[in-house]
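These notes concern the structure reproduced below.
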Amino acid sequence: MLRITPSIYGEKVVQASTFTIEPGGSESNVAIALSLMGNRCGFITRLPGDVLSEKIIRYLKSYSLDISHITIGGRRVGLYWAEIGTGPRASQVFYDRAGSSFSEISYSDFDWNKIFTDTDWFHTSGISPAVSENVYITLKKIFTDISQNLRISIDLNYRSKLWEWAKKKQLSVHKIMWEMCSNACLIIGNETDFNDALGIQYGDIRTQDNYEEVASQCFKNLPHLEYVAISLRESVSAGENVWSGLLFAKESNSIVAYKGLKIRITNIIDRIGTGDSFAAGIIHGIINYKEDYQRTINFAVGLSALNHTVRGDASQFGISDVEDFLKSPEVRIIR
Numbered sequence: 002m003l004r005i006t007p008s009i010y011g012e013k014v015v016q017a018s019t020f021t022i023e024p025g026g027s028e029s030n031v032a033i034a035l036s037l038m039g040n041r042c043g044f045i046t047r048l049p050g051d052v053l054s055e056k057i058i059r060y061l062k063s064y065s066l067d068i069s070h071i072t073i074g075g076r077r078v079g080l081y082w083a084e085i086g087t088g089p090r091a092s093q094v095f096y097d098r099a100g101s102s103f104s105e106i107s108y109s110d111f112d113w114n115k116i117f118t119d120t121d122w123f124h125t126s127g128i129s130p131a132v133s134e135n136v137y138i139t140l141k142k143i144f145t146d147i148s149q150n151l152r153i154s155i156d157l158n159y160r161s162k163l164w165e166w167a168k169k170k171q172l173s174v175h176k177i178m179w180e181m182c183s184n185a186c187l188i189i190g191n192e193t194d195f196n197d198a199l200g201i202q203y204g205d206i207r208t209q210d211n212y213e214e215v216a217s218q219c220f221k222n223l224p225h226l227e228y229v230a231i232s233l234r235e236s237v238s239a240g241e242n243v244w245s246g247l248l249f250a251k252e253s254n255s256i257v258a259y260k261g262l263k264i265r266i267t268n269i270i271d272r273i274g275t276g277d278s279f280a281a282g283i284i285h286g287i288i289n290y291k292e293d294y295q296r297t298i299n300f301a302v303g304l305s306a307l308n309h310t311v312r313g314d315a316s317q318f319g320i321s322d323v324e325d326f327l328k329s330p331e332v333r334i335i336r
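At the far end of the sequence shown sits residue 336, using this note's numbering, and the numbering has no gaps.
In structure tokens form, the structure reads like this:
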């Protein structure tokens with residue numbers, strides 16, 4: 002997918018005359034962040050094989066991602082337009098993904114046996130099944146055929162501007178997303194995703210007790226679930242946020258909550274993709290830090306806080322960047 006952004010900071014799409022065009026997308030953002038931290042990653046998609054596809058492939062290769070399973074077919078690359086907010090005006094995203102090569106994907110486009118032969122972890126997001134029924138059916142088939150030894154993570158990533166196919170068929174997005182999560186070991190979301198994507202109610206006042214109830218419902222209904230991660234954002238303005246997160250881990254017969262550092266972020270450059278770096282930080286920690294879950298949630302919060310400081314979707318930071326940031330006396334940690 003390509004992201005199109007007004008080249009002049011703060012301009013709205015309707016007034017802009019010049020734009021920056023660069024690859025983007027939730028799953029690729031996660032893969033890039035993980036790769037920059039030394040994890041071996043690949044990316045699976047379908048592209049039309051045109052010059053824009055070549056731009057995307059070169060971009061993915063520049064981050065050392067395995068692109069050998071990308072298939073060619075269809076007519077066009079999906080697009081999204083990003084309007085960066087400033088002051089009291091929030092950022093906005095406008096999608097143009099109907100009829101894209103990815104939206105017309107099918108299970109038979111890929112050699113899944115080959116893909117999963119040397120794979121330990123499969124990550125996707127709620128954006129993918131929202132794009133089209135084809136993607137939803139493909140993911141259902143993947144999850145049916147996946148080995149039980151393969152771990153699955155899903156970032157709920159509810160997008161109200163998508164899901165048109167489900168609305169036309171009067172299908173429940175909540176039911177679809179519970180089904181998508183049925184084999185997941187890790188579910189990730191922000192403060193509103195669990196209500197919007199899964200229909201879990203947790204009141205107007207969001208406290209740790211509310212989120213513990215959210216996690217409890219997820220663990221109760223999803224037998225394969227081991228972790229629930231929630232990113233927490235308090236927006237002062239488009240340029241200033243307070244950022245944190247929670248990680249719930251199933252330990253023996255209980256659910257243990259780990260609260261991440263609370264960091265005040267000022268002079269935000271671009272917040273699009275910061276949830277993806279949070280997801281990558283959680284996955285990286287679970288894989289590499291084993292049962293040190295406090296380290297994992299702090300790392301995820303730190304990585305995603307840094308991602309607010311650069312333009313573009315993807316993280317540009319390695320492990321040492323995050324560790325140095327968290328140790329720095331300049332970091333505004335709220336205690």
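Backbone N, C-alpha and C fix where the C-beta goes; we use that ideal spot for every residue, glycine too. This one's a predicted model, so the numbers in the text were calculated from it and none came from an experiment.
Just list the residues that DSSP pairs residue i with in beta bridges.
{"i": "S255", "result": "E252"}
{"i": "S236", "result": "N242"}
{"i": "E84", "result": "Q93"}
{"i": "T120", "result": "Its beta-bridge partners do not exist; DSSP assigns none."}
{"i": "T125", "result": "I155"}
{"i": "I73", "result": "L48"}
{"i": "D277", "result": "Answer by DSSP bridge pairing: none, since D277 is not bridged."}
{"i": "L247", "result": "I231, K260"}
When the Cα atoms are used, what is the spatial distance from residue i to residue j?
{"i": "L80", "j": "G43", "result": "21 Å"}
{"i": "T267", "j": "A83", "result": "20 Å"}
{"i": "G276", "j": "N191", "result": "8 Å"}
{"i": "T139", "j": "S329", "result": "45 Å"}
{"i": "G246", "j": "M2", "result": "28 Å"}
{"i": "I73", "j": "N184", "result": "29 Å"}
{"i": "G46", "j": "F103", "result": "In the sequence under discussion, the amino acid at residue 46 is Thr, which differs from the Gly named in the question. Rounded to whole angstroms, T46 to F103 spans 7 Å at the Cα level."}
{"i": "E241", "j": "G303", "result": "16 Å"}
{"i": "V229", "j": "S18", "result": "43 Å"}
{"i": "T145", "j": "K13", "result": "43 Å"}
{"i": "N158", "j": "N196", "result": "11 Å"}
{"i": "Q93", "j": "I116", "result": "35 Å"}
{"i": "P89", "j": "Y64", "result": "34 Å"}
With distances taken from CA atoms, which of the options is nearest residue i?
{"i": "D156", "options": "D194, S316, A34, Q295", "result": "D194"}
{"i": "S343", "options": "K221, D51, F20, I106", "result": "Outside the displayed span of the chain (2 to 336) sits residue 343, for which this structure offers no information."}
{"i": "L233", "options": "A250, A306, I288", "result": "A306"}
{"i": "R265", "options": "I45, I189, F326", "result": "F326"}
{"i": "A99", "options": "Q295, T118, V136, D67", "result": "V136"}
{"i": "G200", "options": "Q218, G86, G282", "result": "Q218"}
{"i": "R391", "options": "T21, W113, Q93, K176", "result": "Outside the modelled stretch of the chain, which goes from 2 to 336, sits residue 391, for which no answer is possible."}
{"i": "I177", "options": "A198, E324, K56", "result": "A198"}
{"i": "S148", "options": "S253, H225, K169, G313", "result": "H225"}
{"i": "I288", "options": "D121, W113, D51", "result": "D121"}
Grouping DSSP H, G and I as helix and E and B as strand, with all else coil, what is residue i?
{"i": "N184", "result": "coil"}
{"i": "F20", "result": "strand"}
{"i": "W113", "result": "helix"}
{"i": "Y228", "result": "strand"}
{"i": "W166", "result": "helix"}
{"i": "L3", "result": "strand"}
{"i": "R47", "result": "strand"}
{"i": "I57", "result": "helix"}
{"i": "I189", "result": "strand"}
{"i": "D67", "result": "strand"}
{"i": "L172", "result": "coil"}
In chain order, what residues of the same chain have a beta carbon less than 6 Å from the beta carbon of residue i, not counting five sequence neighbours either side?
{"i": "S54", "result": "L48"}
{"i": "R160", "result": "I128, A131"}
{"i": "V257", "result": "A250"}
{"i": "I298", "result": "G246, L248, Y259, G261"}
{"i": "E227", "result": "C186, K251"}
{"i": "H309", "result": "I266, I269, R272, T275"}
{"i": "S236", "result": "N242"}
Less than 8 Å between C-beta atoms, sequence neighbours within five positions excluded: which residues of the same chain meet that for residue i?
{"i": "Y60", "result": "E23, P24"}
{"i": "H124", "result": "E28, V31, A32, I153, S154, I155, D156, A280, I284"}
{"i": "I58", "result": "L48, I68, I71"}
{"i": "K62", "result": "I68"}
Who are the near neighbours of residue i in its chain, counting only those whose CB is closer than 7 Å to its CB and skipping five residues on each side?
{"i": "D110", "result": "R47, T72, G74"}
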